[in-house]
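Below is one structure, written out as structure tokens, with a few remarks after it.
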Amino acid sequence: MNDLYGRLKTKKIKITEIPKWGPYLRKKWENNFANHLSDKDKKLIYLFDTGGYCGYLWHLFSYEKKNCLEGEKAEAAFNNQPMNNCYVFYQHSDYAFFLENASMFNTDDLINEQDIYIVDKGFNWTYIQTHETGWCGPYFSVK
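If you read the sequence shown in our numbering, its first letter stands for residue 2, the second for the next number, and so on.
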């Protein structure tokens, strides 16, 4: 997390730390990208932490419940996405950032990051780098 903060800072991206926003952003992400699934469907793909299974929002894509780009195509889509303001948050941390003037932000900044979600301010698109990148992800999708 701190490495990412440092890398973004050197690119003159305005960063606002929002340390406790993780739960809010994860819920808002779910409401915007997984709203077509029933609660039962969400449980079947382990979207949440329950019953000894570690839930991940990105299971939406690995279980093919929503269209997305994957791998190099996802990276290219993210790198070509016009970025101004976006949120950066994690699956397993409540720490998050809000970025402004983020046009220089790209996949090179995400070295060593795992289970990280980037979404534009309006939750119209998302990019996710998983802890299983190369096997599952990265993913890019639009609402």
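The beta carbon of each residue, even a glycine, is placed where N, CA and C say it ideally should be.
The structure presented is a predicted model; accordingly, all values stated were derived computationally and were not measured.
- Our two residues, residue 58 and residue 102, have alpha carbons roughly 26 Å apart in a direct line.
- In the DSSP assignment, residue 62 falls within the unbroken alpha helix (DSSP H) covering 60-63.
- Unbroken beta strand (DSSP E) runs of no fewer than 3 residues, entirely contained in the segment 9-63, are found at 15-18, following chain order.
- Annotation: residue 90 to residue 128 spans about 11 Å, alpha carbon to alpha carbon.
- Nearest to residue 5 by alpha-carbon distance, out of 69, 134 and 118, is 118.
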